[in-house]
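When the count follows our numbering, it moves up by one through the sequence shown with no breaks and lands on 1688 for the last residue.
Glycine included, C-beta positions come from ideal geometry on N, C-alpha and C.
A quick note: this is a predicted structure, and the numbers were derived from the prediction, not measured.
Report on the structure given below.
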Amino acid sequence: MPSSPNAPKAGPGRIEFVVLISAIMMIVAFGIDSMLPALPAIGHGLGIGDAARRPLVISAFLMGFAIGQLFVGTLSDRYGRRGLMLWSLFGFALASLAAALAPTFDHLLIARAVQGIFAAGARVIVTSTVRDRFEGRDMAQVMSLASMIFMAAPILAPTMGQTILIIASWRWIFGALALIGVAIWLWVLARLPETLAEEERTPIERAAVLAAARHVLTDRMSLGYSIASAMLSCALFGFLMSVQQIFETTFKRPDLLPTGFAIMASGMAVASLANAAIVQRFGMRLIGHGALFLFTGVAALHLALSVSGHESLPVFIALQMLMMMGFAFVAGNFGAMAMENMGHVAGMASSLQGSLANLLGTVCGTLIGQAFNGTTAPLYTGFTIAGLVALAAVYVTEGGRFFVARHAHRTGG
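Take a look at the structure:
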């Protein structure tokens, strides 16, 4: 149930609320994952012969996504969530249309960056909206349920992209994204009320903004778990930059990309459902920390198999699915713990935490993608390093102890 007396009295119930925020979150996954099967067609259609440049279609979106998060949180803390959400969804639809009509690769990259900026607005406001209504383990449970539904997007998006390519050009993929943006815009317009009360809004004043940013960046939980989450974003974005090349070049099976990607993404869906079911009982630390150890260990194992020459497509899919499961367990719980002390600056916190994760993720992910050498070794070197740095960040944040709910009275962890 809503944990704040300022929770909205009308609008969607808990089930519809979870489904709606899941749909809003999905536009990010559809904006990225539907592109994966289309990268060769986009390169061919716009005269880009260098295969290493094709993933820039993903990088441009992610860079815009990271930059957009820096600003929208502050605006939503001042003006509320609903209006900015509507503008963000509308802008996403328009940018998708611009991408569909792009005459050159450079124009496409610009449209993709703008598309990412507007997608960031919607995504940040989702986190703030959930934090307006829930906190602690309740927030972790709601976000896990939303993530479970959201995981239909990476399962379906590559298939959508490949299906469109069978019957039409790659430009129609962006047309489909525009229609998705309009549909969700209508749903928000009709059903989602404002969740931030007038008396809780923060004026946009230099001193207030700096104070809010300082609180976000100096709070031990916020900073530590944001860094850990950012490192896992590095690994995930590296995977997104590399996966199309891995299926096409390493395993010579580009036709299996949608199926393989769906299998791997299904691990995240299962983990998100499991987390929602068990987080109230076991707590965020036990689950999140244990999953991070699993994630890092499997990454190191996968790296060893790749370097030793024992990699195969079934092994790649199976081990990557395990890491996706670990990522899902970590993301939901670490995100909730990072936001726990941020109630009065939820928008700023969501902006800075998300922007940190996505800026680092985009830079590191692009480097990992550019390091592709025909094997999976560069990817899993990145995964292993990211996991180790995340473990170090958690270790320092928790004062040298894992799993122990040292702040249970504050975090419910």
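### Query
What did DSSP end up calling G1288 once you bin it into helix, strand or coil?
Looking up residue 1288 in the sequence shown gives position 13. Here G1288 sits in coil by DSSP.
### Pairwise C-alpha distance: L1634 and G1640
Position 365 of the sequence shown, counting from 1, holds the residue named residue 1640. Position 359 of the sequence shown, counting from 1, holds the residue named residue 1634. Going from the Cα of G1640 to the Cα of L1634 covers about 10 Å.
### Query
What's the gap between the Cα of L1461 and the Cα of L1452?
Residue mapping note: residue 1461 aligns to position 186 of the sequence shown, counting from 1. Residue mapping note: residue 1452 aligns to position 177 of the sequence shown, counting from 1. A straight line joining the alpha-carbon of L1461 with that of L1452 spans about 14 Å.
### Task
Starting from the N-terminal side, write out each stretch of the alpha helix (DSSP H) that is 4 residues or longer and does not extend beyond the region 1571 to 1620.
1588 to 1614
### Task
List the whole-angstrom C-beta distance separating R1349 from M1599, where the pair is believed to meet the contact cut-off of C-beta under 8 Å.
The sequence position of residue 1349 within the sequence shown is 74, counting from 1. The sequence position of residue 1599 within the sequence shown is 324, counting from 1. Sequence inspection shows Thr at residue 1349; the Arg mentioned does not correspond to that position. At roughly 32 Å, the Cβ-Cβ gap does not stay under 8 Å, so T1349 and M1599 are not in contact.
### Message
Please report the distance separating the alpha-carbon of A1509 from that of R1476.
### Response
The count along the sequence shown starts at 1 and reaches residue 1509 at position 234. The count along the sequence shown starts at 1 and reaches residue 1476 at position 201. A quick correction: the sequence has Cys, not Ala, at residue 1509. Cα-Cα distance, rounded: 33 Å.
### Query
Which residues mark the beginning and the end of the alpha helix (DSSP H) in which R1356 is found?
Position 81 of the sequence shown, counted from the first residue, corresponds to residue 1356. No alpha helix (DSSP H) holds R1356; DSSP gives it neither H nor E.
### Per-residue burial, F1557 [other beta carbons within 10 Å of its own, 16 or more giving buried]
Against the sequence shown, residue 1557 aligns to sequence position 282. By the neighbour-count rule (16 or more Cβ atoms within 10 Å), F1557 is not buried but exposed.
### Query
Mind checking whether A1503 and A1632 have CB atoms under 7 Å apart?
Position 228 of the sequence shown, counted from the start, is the residue given in the question as residue 1503. Position 357 of the sequence shown, counted from the start, is the residue given in the question as residue 1632. Not in contact: A1503 and A1632 (Cβ atoms no closer than 7 Å).
#### Entry: Three-way DSSP call (helix, strand, coil) for N1648 in this model
Locating residue 1648 in the sequence shown gives position 373, where the first residue counts as 1. Three-state result, N1648: coil.
### Query
Should S1422 and S1547 be called a contact, given that it needs their Cβ atoms to be closer than 7 Å?
By one-based count along the sequence shown, residue 1422 stands at place 147. By one-based count along the sequence shown, residue 1547 stands at place 272. Yes, the pair counts as a contact, with Cβ atoms nearer than the cut-off.
### Task
Verify whether the separation of the beta carbon atoms of I1424 and S1297 is less than 7 Å.
One-based indexing of the sequence shown puts residue 1424 at position 149. One-based indexing of the sequence shown puts residue 1297 at position 22. Result yes, Cβ atoms of I1424 and S1297 sit closer than 7 Å.
### Contact check, R1329 vs G1318, beta carbons under 7 Å
Residue 1329 sits at position 54 when you count from the first residue of the sequence shown. Residue 1318 sits at position 43 when you count from the first residue of the sequence shown. Against a cut-off of 7 Å, the Cβ pair of G1318 and R1329 comes out as a contact.
### Task
Identify the continuous alpha helix (DSSP H) that holds S1403 and give its terminal residues.
Taking the first residue of the sequence shown as position 1, residue 1403 is located at position 128. Start and end: 1380 to 1408.
### Message
Am I right that S1351 and L1359 are in contact with their C-beta atoms under 8 Å? What's the rounded C-beta distance?
### Response
Start at 1 with the first residue of the sequence shown, and residue 1351 comes out as number 76. Start at 1 with the first residue of the sequence shown, and residue 1359 comes out as number 84. So it is a contact: roughly 5 Å between Cβ atoms.
#### Entry: Proximity of L1578 and Y1655 at Cβ, strictly below 7 Å
The sequence position of residue 1578 within the sequence shown is 303, counting from 1. The sequence position of residue 1655 within the sequence shown is 380, counting from 1. Taking 7 Å as the cut-off, the beta carbon of L1578 is found closer than this to the beta carbon of Y1655.
### Query
Pick from V1457, M1539, I1333: whose alpha carbon is nearest that of F1365?
If you number the sequence shown from 1, residue 1365 lands on position 90. Checking every option, the nearest Cα to that of F1365 belongs to V1457.
### Query
Around the C-beta of G1322, are 16 or more other C-beta atoms found within 10 angstroms, so that it is buried, or is it exposed?
Counting from one through the sequence shown, the residue named residue 1322 turns up at place 47. Exposed: under 16 other Cβ atoms inside 10 Å.
#### Entry: Residue span of the alpha helix (DSSP H) that contains G1674, given as start and end
Your numbering for residue 1674 matches position 399 in the sequence shown. It is not in any alpha helix (DSSP H) - G1674 carries neither H nor E in the DSSP assignment.
### Beta carbon of R1356 nearer than 7 Å to that of A1374
Numbered from its first residue, the sequence shown carries residue 1356 at position 81. Numbered from its first residue, the sequence shown carries residue 1374 at position 99. Not a contact, by the Cβ cut-off of 7 Å.
### Message
With three or more beta-carbon pairs closer than 8 Å as the criterion, would you say the region 1516 to 1529 touches the region 1644 to 1659?
### Response
In this structure the region 1516 to 1529 lies against the region 1644 to 1659, because at least three pairs of beta carbons, one per stretch, are closer than 8 Å.
### Query
So, is I1442 buried or exposed, given that buried needs 16 or more other C-beta atoms within 10 angstroms?
Along the sequence shown, one-based indexing puts residue 1442 at 167. So I1442 ends up on the exposed side.
### Message
What does the Cβ neighbour count give for A1552, buried or exposed, with the cut at 16 atoms within 10 Å?
### Response
Taking the sequence shown and counting its residues from 1, one reaches residue 1552 at position 277. By the neighbour-count rule (16 or more Cβ atoms within 10 Å), A1552 is not buried but exposed.
### Message
Here's a check: name, in chain order, each residue in its chain whose Cβ is nearer than 8 Å to the Cβ of L1580, leaving out the five neighbours to either side.
### Response
The residue given as residue 1580 occupies position 305 in the sequence shown. Once the five neighbours on either side are set aside, the close Cβ partners of L1580 are E1586, V1590, L1594.
### Query
Using CA coordinates, which residue listed in D1381, F1609, M1539 is at the minimum distance from F1514?
The sequence position of residue 1514 within the sequence shown is 239, counting from 1. Among D1381, F1609, M1539, the Cα nearest to that of F1514 belongs to M1539.
### Query
Going by beta carbon distance, what residues of the same chain come within less than 8 Å of P1433, once the five residues before and after it are set aside?
As a position in the sequence shown, residue 1433 is number 158, starting the count at 1. Taken in chain order, the residues that qualify are D1308, S1309, L1311, P1312, L1532, P1533, F1536, A1537.
### Task
Select from F1305, P1653, N1608, G1629 the residue whose C-alpha is nearest the C-alpha of I1455.
Working through the sequence shown from its first residue, we reach residue 1455 at position 180. Nearest option by C-alpha distance: F1305.
### Message
How far does the alpha helix (DSSP H) with G1542 in it extend, from its first residue to its last?
### Response
Residue numbering aside, residue 1542 sits at position 267 when the sequence shown is read from its first letter. Note, G1542: alpha helix (DSSP H), 1532 to 1557.
### Task
Evaluate contact between the region 1598 to 1618 and the region 1396 to 1411, counting only Cβ atoms and requiring at least three cross-stretch pairs below 8 Å.
yes
### Message
To test your reading of the DSSP string, which unbroken alpha helix (DSSP H) runs of 4 or more residues are found completely within the region 1446 to 1471?
### Response
1446 to 1466
### Task
Quick one: give me the first and last residue of the alpha helix (DSSP H) that P1330 is part of.
In the sequence shown, the residue the question calls residue 1330 occupies position 55. In the DSSP annotation of this structure, P1330 is not part of any alpha helix (DSSP H), being labelled neither H nor E.
### Task
Decide if M1276 is buried, meaning its Cβ has at least 16 other Cβ atoms within 10 Å, or exposed.
Counting from 1 along the sequence shown, the entry for residue 1276 is found at position 1. Low local confidence applies: a pLDDT of 34 at M1276 is under 50, so the model's placement there is unreliable, and no value is given.
### Message
I need the straight-line Cα distance from E1291 to M1426, nearest angstrom please.
### Response
Here residue 1291 refers to the residue found at position 16 of the sequence shown. Here residue 1426 refers to the residue found at position 151 of the sequence shown. Cα to Cα, the separation comes out at about 17 Å.
### Task
Please report how far the alpha carbon of G1563 lies from the alpha carbon of G1636, in whole angstroms.
Locating residue 1563 in the sequence shown gives position 288, where the first residue counts as 1. Locating residue 1636 in the sequence shown gives position 361, where the first residue counts as 1. The alpha-carbon atoms of G1563 and G1636 are separated by roughly 20 Å.
### Spatial distance of T1650 from T1659 (CA atoms)
As a working note, residue 1650 is residue 375 in the sequence shown. As a working note, residue 1659 is residue 384 in the sequence shown. C-alpha separation (whole angstroms): 16 Å.
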